[in-house]
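A.B. asks:
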Amino acid sequence: MPSVTSASPTDATADWDELAAGLPGVGPYQTRRWGSVVADAFGGTFRVLRVTDPTPRYVPILEGGQLGGDGFCCGHLGYGGVFDADGAPLSRADQIRTIAVVERALGRPCRRLVTGPGTAAEPAPGADVRETRLVPLTARANQRLPSYRSRARRAVAKGVRAALTAAPLAAGELDRAAELIWQTQARVGAAYRTPRPLIASLADDGQDFGWLLGCRQGAELVAVSGFIRFAGQAVYLFNGWRQDAAAVAPNYLLMHEALSRFGDLGDHRMDLGYSHRQSLEEFKRTWSGTSAQFVAVDAPTAPRG
């Protein structure tokens with residue numbers, strides 16, 4: 001049996017999203033569509049490389065730009081990881097071994113690996129074990145509210161009583177949506193500000209892969225949330241909201257709208273993502289679901305002391 005350490009990668013980018021739709025563990029973050037959006041916003045090139053050992057393993061990467069620097073990252077805004085064509089889950093060690101093959105072939109270092117929540121998240125030197133929240137979706141409208149925790153149910157009811165409405169972002173609302181997102185990211189100490197081209201790409205997607213949902217009080221936009229969808233899975237990207245509207249809980253009505261819409265579309269899971277603040281983590285827990293761990297590793301192939 002050939003060793004993965006001697007295999008030569010080939011490019012599989014062109015057909016990746018078609019292949020990925022049936023590959024266990026692959027979600028919206030690893031798609032060519034999302035990689036291309038991120039590359040357009042932050043620079044660099046999204047590629048998927050195939051390494052055979054003896055069945056193919058697929059490695060989605062972002063080369064160069066602000067995120068890849070002088071090398072590449074496997075996991076940029078969201079998860080990356082290495083995927084076996086037969087669907088077998090790969091350990092972190094197996095993934096890092098395959099990443100090393102890609103490094104040698106490209107002559108460039110891997111600056112960061114972020115596994116998906118299906119990878120065993122055992123502690124190790126240099127590995128940051130993180131947690132996300134996975135919420136099951138249903139097409140049965142009468143099962144949604146009862147599945148939430150009481151805090152979320154009360155907050156959704158509060159938004160309804162305040163006559164808030166939630167729907168896809170309307171034409172002409174993009175500038176205000178971007179302002180709300182940036183203001184919120186500044187308040188909560190986010191590591192970066194989501195570039196306007198990335199926000200605009202979700203608004204321009206026609207509610208297919210990318211979604212921007214807005215919450216309004218009368219005609220005024222008071223909150224906005226971004227999502228991406230692929231192969232029955234949805235991902236919560238970011239949120240922006242007017243601070244003085246917190247009393248009417250617009251973010252709860254927005255999330256209820258998203259869980260409802262994507263359930264109606266046949267999606268089966270929403271990934272709410274990692275939370276760097278306790279308040280955000282508590283918000284995500286109110287939608288029930290289960291916690292799942294993933295791993296972020298800087299310079300994954302570097303020797304560890």
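Quick note on numbering: this note's numbering labels position 138 of the sequence shown as 138, and the sequence is numbered without any gaps.
For glycine and all other residues, C-beta sits at the position ideal for the given N, C-alpha and C.
Starting from the N-terminal side, write out each stretch of the beta strand (DSSP E) that is 3 residues or longer and does not extend beyond the segment 244–274.
C.D. replies: Segments of the beta strand (DSSP E) lying fully in the segment 244–274: 269–271.
A.B. asks: Alpha carbons only, please: which of 262, 104, 157 is nearest the one belonging to residue 248?
C.D. replies: Counting from 1 along the sequence shown, the entry for residue 248 is found at position 248. Taking only the C-alpha atoms, the option nearest residue 248 is 157.
A.B. asks: Under a three-way DSSP split, which group does residue 211 fall into?
C.D. replies: Within the sequence shown, the letter at position 211 stands for residue 211. Strand.
A.B. asks: Give the single residue among 69, 64, 121, 65 whose Cα lies nearest to the Cα of residue 90.
C.D. replies: Taking the first residue of the sequence shown as position 1, residue 90 is located at position 90. When each option's Cα is compared against that of residue 90, the closest is 121.
A.B. asks: Compute the beta-carbon to beta-carbon distance between residue 72 and residue 111, rounded to the nearest angstrom, for a pair I have assumed lies under 8 angstroms.
C.D. replies: Here residue 72 refers to the residue found at position 72 when the sequence shown is read from its first residue. Here residue 111 refers to the residue found at position 111 when the sequence shown is read from its first residue. With 8 angstroms as the limit, residue 72 and residue 111 qualify as a contact, their Cβ atoms being about 7 angstroms apart.
A.B. asks: Could you give the DSSP three-state label for residue 126: helix, strand or coil?
C.D. replies: By 1-based counting over the sequence shown, the position of residue 126 is 126. In this structure, residue 126 counts as coil in the three-state DSSP scheme.
A.B. asks: Can you check DSSP and say which residues form a bridge with residue 233?
C.D. replies: For the purposes of this step, residue 233 is identified with residue 233 of the sequence shown, where counting begins at 1. According to DSSP, which records beta bridges pairwise, residue 233 is partnered with 230, 269.
A.B. asks: Going by alpha carbons, who is nearest to residue 175 out of 220, 231, 138, 270?
C.D. replies: Against the sequence shown, residue 175 aligns to sequence position 175. Ranking 220, 231, 138, 270 by Cα distance to residue 175 puts 220 first.
A.B. asks: Give me, in chain order, the residues of the same chain whose beta-carbon lies closer than 6 angstroms to that of residue 131; leave out the 5 immediate sequence neighbours on both sides.
C.D. replies: Position 131 of the sequence shown, counted from the start, is the residue given in the question as residue 131. The beta carbon of residue 131 lies closer than 6 angstroms to those of 291, 293 in the same chain, with the five residues before and after it left out.
A.B. asks: How many whole angstroms separate the CB atoms of residue 253 and residue 118, which I take to be in contact at a CB cut-off of 8 angstroms?
C.D. replies: Counted from its first residue, the sequence shown places residue 253 at position 253. Counted from its first residue, the sequence shown places residue 118 at position 118. 31 angstroms between Cβ atoms; not a contact.
A.B. asks: Among the residues of its own chain, which have a CB less than 8 angstroms from the CB of residue 197, if the five just before and after it don't count?
C.D. replies: Residue 197 sits at position 197 when you count from the first residue of the sequence shown. Closer than 8 angstroms at Cβ, skipping near neighbours: 40, 41.
A.B. asks: Using the rule of at least 16 other Cβ atoms within 10 Å of the residue's Cβ for burial, across every protein chain shown, is residue 201 buried or exposed?
C.D. replies: Sequence index remark: in the sequence shown, residue 201 carries index 201 (1-based). Looking at its Cβ environment, which holds 16 or more other Cβ atoms inside 10 Å, residue 201 is buried.
A.B. asks: Between the C-alpha atoms of residue 29 and residue 77, what's the straight-line distance to the nearest angstrom?
C.D. replies: Within the sequence shown, residue 29 is the residue found at index 29, counting from 1. Within the sequence shown, residue 77 is the residue found at index 77, counting from 1. Cα-Cα distance, rounded: 7 angstroms.
A.B. asks: Can you give the Cα-Cα distance for residue 1 and residue 88, rounded to whole angstroms?
C.D. replies: Residue numbering aside, residue 1 sits at position 1 when the sequence shown is read from its first letter. Residue numbering aside, residue 88 sits at position 88 when the sequence shown is read from its first letter. Unreliable placement is indicated for residue 1, whose pLDDT of 39 sits below 50; no coordinate value is reported for it.
A.B. asks: What are the residues that DSSP puts in a beta bridge with residue 8?
C.D. replies: The count along the sequence shown starts at 1 and reaches residue 8 at position 8. Its beta-bridge partners do not exist; DSSP assigns none.
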